[in-house]
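Below is one structure, written out as structure tokens, with a few remarks after it.
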Amino acid sequence: MNQNIAVVGAGICGLCTGLALAAKGNLVTLYERDIEPPEGGADQAFFGWKRRGAAQFRHPHAFLGVMCNMLEKNYPDLIELFWEAGARKLSFSDMLPPELLLQYEPEPSDDDMWMLMCRRATMETVLRRYVEGTHNVTINNTTNVVGMTTVEKREGITVTGLEVQIDRGEIEQVSHDIIVDASGRGTKFPEWLDALGSGVTTEDDDADIVYYTRHYQINPGEQEPSRHSKERSAGDLGYMKYGVFPGDNGHFAVIICLPNHETELREAIKDPDQFDDICNAIPGLKPWVSPSKSTPTTSSFGFGDIHAIWRHFVNDGIPVALNFFAVGDSAVRTNPLYGRGCSTGTIHAHLLARILDESSDPVERALRFDEETENELRPIFIASLNEDKQGIKRAKAILEGKDVENTGSFKQWLRAAFGDAIGSAAREQVHVLRGAMRTFNLMEKPGDFLKDSRIRWTILRYMLRGRAKNNRARFQRGPRRMEMLAIAQQSNSQAAA
Ligand SMILES: Cc1cc2nc3c(=O)[nH]c(=O)nc-3n(C[C@H](O)[C@H](O)[C@H](O)COP(=O)(O)OP(=O)(O)OC[C@H]3O[C@@H](n4cnc5c(N)ncnc54)[C@H](O)[C@@H]3O)c2cc1C
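Here's what the structure looks like:
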């Protein structure tokens with residue numbers, strides 16, 4: 048069963064795919080167009096690695112429970128390497144708001160609900176060095192995949208290899224039994240398949256937001272602000288979402304997410320000083336970014352063109368190509384605001400390794416991979432898409448000065464009231480928070496916790512106490528839109544003076 052498999056791209060999902068396939072006894076070659084990480088630790092990787100192939104490399108990444116558990120279960124020695132590199136563990140009890148700490152009684156399943164906190168540069172470097180040391184896996188750096196080779200068989204187009212260009216040299220052909228596309232959001236494979244007349248169909252929804260980041264480091268002798276404070280370090284002001292991502296070695300990042308139409312705020316936030324002024328106006332961010340607590344280590348920078356993408360590689364029961372599989376962002380992408388991409392990519396990688404191990408028939412493999420991807424990832428994709436659509440509606444209503452709480456049909460109102468009741472109950476009841484966090488960490492299908500009758504009764508009780516009381520849990524303290532625009536204008540004129 049051992050096969051000679053090529054993985055295109057050594058990003059997070061490509062590396063996980065390499066590990067999962069090698070663990071099943073396959074011979075794996077990863078082709079990566081970027082250079083390898085520089086010598087040294089997490090800071091060298093973050094500040095020094097020319098990582099052009101993954102534009103999101105310096106944006107903060109959350110690594111959710113499902114991914115952490117998969118890595119820990121399959122590669123326990125890898126987890127130790129993260130701790131050595133300065134990464135930290137955020138457990139369920141660390142995530143409890145102050146109101147819940149007193150009533151908290153641990154349950155065994157809480158142990159699974161942990162997140163790895165480190166910069167993406169740290170995650171990628173540690174994972175990559177571990178993969179480099181794995182028997183059966185080779186990583187070819189500065190190797191750009193520029194095409195694929197195929198043959199036409201009775202069962203359909205069959206991929207037989209790749210066209211690669213090392214260090215911009217001559218194009219060479221390499222043969223492999225199987226090709227896995229892990230080349231991320233900019234994948235060229237759908238284009239190449241289209242050119243062969245084998246169309247990949249794509250669902251594409253614009254999330255209509257821009258995502259901004261700035262990195263900081265805690266000052267010597269200072270501690271991170273308490274995570275159990277009343278002012279939450281992540282929240283939604285309606286027209287703006289924000290969050291702190293604690294990382295490794297005293298580093299953390301702040302993200303601010305704005306709808307595309309907030310042109311004035313978007314312009315302001317590109318300026319690092321104005322970014323800080325805006326953060327200082329938000330009570331949940333101020334304790335982190337105040338100059339006595341931390342020092343910025345980068346400018347502020349953005350990421351736009353955020354889409355939810357689902358690519359179909361089987362049309363009407365017929366695979367577009369055999370011996371070809373797409374994993375991670377090249378197949379499924381969700382809004383980075385939910386921090387799900389690396390986790391869904393890790394699930395996808397392990398799913399592929401299992402299917403290739405269990406079946407040897409090319410058609411059966413393609414159909415099973417398609418079906419199991421639908422079963423595992425589709426509910427997460429749909430939940431993310433629905434959240435995007437609600438966010439777009441709410442931001443539009445705020446822009447138009449409408450009453451955000453009471454727009455739309457009765458059905459929409461009821462759905463929003465239900466959401467508020469869950470949010471409010473999760474702030475005050477550990478069992479509801481535990482359920483919601485299982486969904487957040489992708490430990491179960493989205494919303495599965497609502498099947499629990501105790502949780503359902505609690506939420507009903509919260510619904511009955513009225514929406515006005517519940518929606519306070521959703522919005523955090525912070526300036527209203529017009530106030531924030533005034534802060535941005537003042538900050539702008541100070542910068543100009
Ligand atoms: C702003 C932002 C924030 C995010 N935050 C989070 C988060 O908090 N948590 C989370 O889980 N996810 C997050 N994501 C999503 C996450 O970054 C992706 O889901 C994840 O990186 C996908 O992994 P991948 O391996 O599929 O692709 P990538 O990590 O993008 O890797 C693709 C690799 O392929 C290489 N490559 C591309 N083309 C070729 C070629 N032709 N030849 C050779 N090599 C090639 C690239 O150089 C790159 O190394 C975020 C995304 C963005 C945009």
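The sequence shown begins at 48 in the working numbering and counts up one residue at a time.
C-beta: ideal position from N, C-alpha, C; glycine also.
Determine the closest residue to residue i out of the options, with distance taken between C-alpha atoms.
i	options	result
Arg-512	Ala-483, Ala-413, Ala-472 and Glu-146	Ala-472
Glu-421	Ser-407, Ala-442, Val-410 and Leu-398	Leu-398
Leu-68	His-395, Ser-273, Leu-163 and Met-529	His-395
Asn-296	Ser-456, Thr-190 and Gln-91	Gln-91
Pro-383	Ser-347, Phe-428 and Val-193	Phe-428
Ile-353	Val-379, Pro-338 and Ala-368	Val-379
Leu-284	Leu-532, Ala-542, Ser-540 and Arg-528	Arg-528
Asn-517	Ala-463, Ala-315 and Val-291	Ala-463
Glu-447	His-308, Phe-110 and His-106	His-308
Asp-124	Gly-375, Asp-157, Val-178 and Arg-167	Val-178
Ser-347	Ile-365, Ile-325 and Val-361	Ile-325
Asp-253	Thr-196, Asn-121, Gly-351 and Glu-210	Gly-351
Gly-294	Gln-437, Met-162 and Lys-340	Met-162
Arg-167	Phe-110, Ser-245, Glu-119 and Gly-231	Phe-110
Gln-536	Thr-169, Gln-321, Gly-470 and Glu-199	Gln-321
Arg-425	Phe-93, Ala-468, Thr-381 and Thr-344	Thr-381
Gly-61	Val-479, Ser-390 and Asp-417	Ser-390
Gly-88	Leu-148, Thr-169 and Gln-103	Thr-169
Tyr-286	Glu-238, Val-206, Lys-449 and Glu-199	Lys-449
Cβ of residue i versus every heavy atom of ligand 1: is any distance shorter than 6 Å?
i	result
His-106	yes
Asp-390	Reading off the sequence shown, one finds Ser at residue 390, where the question assumed Asp. The answer is yes for Ser-390.
Pro-319	no
Glu-79	yes
Val-192	yes
Ser-230	yes
Cys-60	yes
Ala-396	no
Arg-101	Arg is not the amino acid found at residue 101; the sequence shown has Ala there. Within the cutoff, so yes.
Gly-208	no
Gly-482	no
Ala-300	no
Ala-53	no
Gly-72	no
Asp-376	yes
Phe-487	no
Tyr-289	no
Gly-56	yes
Phe-322	no
Considering just the uninterrupted stretch of the alpha helix (DSSP H) at residue i, what are its terminal residues?
i	result
Leu-480	477–487
Ala-430	409–446
Ile-506	500–511
Asp-124	123–131
Glu-238	236–242
Name, in chain order, the residues that DSSP records as bridge partners for residue i.
i	result
Glu-250	Trp-357
Gly-290	Ala-281 and Ile-302
Asn-187	Tyr-78
His-262	Ala-300
Ser-219	In the sequence as presented, Ser is not what sits at residue 219; that position holds Glu. Its beta-bridge partners are Val-211.
Asp-159	Paired residue(s): none; Asp-159 is not in a bridge.
Arg-380	Ile-356
Asn-116	In the DSSP output, where bridge partners are listed per residue, Asn-116 has none listed.
Asp-228	Val-55 and Ala-373
Ile-204	Glu-199
Along the beta strand (DSSP E) that carries residue i, what are the first and last residues, could you check?
i	result
Lys-200	190–200
Arg-135	135–137
Ala-300	298–306
Asp-81	From DSSP, Asp-81 is part of no beta strand (DSSP E); its letter is neither H nor E.
Met-162	162–164
Gln-50	Premise fails: Gln-50 is in no beta strand (DSSP E) and is neither H nor E.
Gly-61	Looking at the DSSP string, Gly-61 is not in any beta strand (DSSP E); the run it does join, the alpha helix (DSSP H), is 59–70.
Phe-350	348–350
Ser-341	341–343
Using a Cβ-Cβ cutoff of less than 6 Å, which residues in the same chain neighbour residue i once the five nearest sequence positions on both sides are dropped?
i	result
Ile-439	Asp-255
Val-173	Leu-128, Phe-129 and Ala-132
Gly-100	Arg-80 and Asp-81
Glu-419	Leu-398
Thr-126	Sequence check: residue 126 is Ile here, not Thr. Cβ neighbours of Ile-126 beyond the five flanking positions: Glu-119.
Take residue i and list the residues in its own chain whose beta-carbon comes closer than 7 Å to its own, dropping the five residues that flank it on each side.
i	result
Pro-330	Glu-278, Arg-524 and Gly-525
Ser-406	Arg-412 and Arg-415
His-151	Position check: residue 151 holds Tyr in this sequence, whereas His was assumed. Result list for Tyr-151: Ser-140, Leu-143 and Val-477, in chain order.
Asp-499	Gly-482
Leu-243	Thr-197 and Ile-204
Excluding five sequence neighbours on each side, which residues of the same chain lie with their C-beta closer than 8 Å to the C-beta of residue i?
i	result
Glu-269	Ser-339, Lys-340 and Ser-341
Leu-332	Ser-280, Tyr-289, Val-291, Val-301 and Cys-326
I want to check one thing, is the minimum distance from the CB of residue i to the heavy atoms of ligand 3 below 6 Å?
i	result
Tyr-258	Ligand 3 is absent from the structure shown, which contains only ligand 1.
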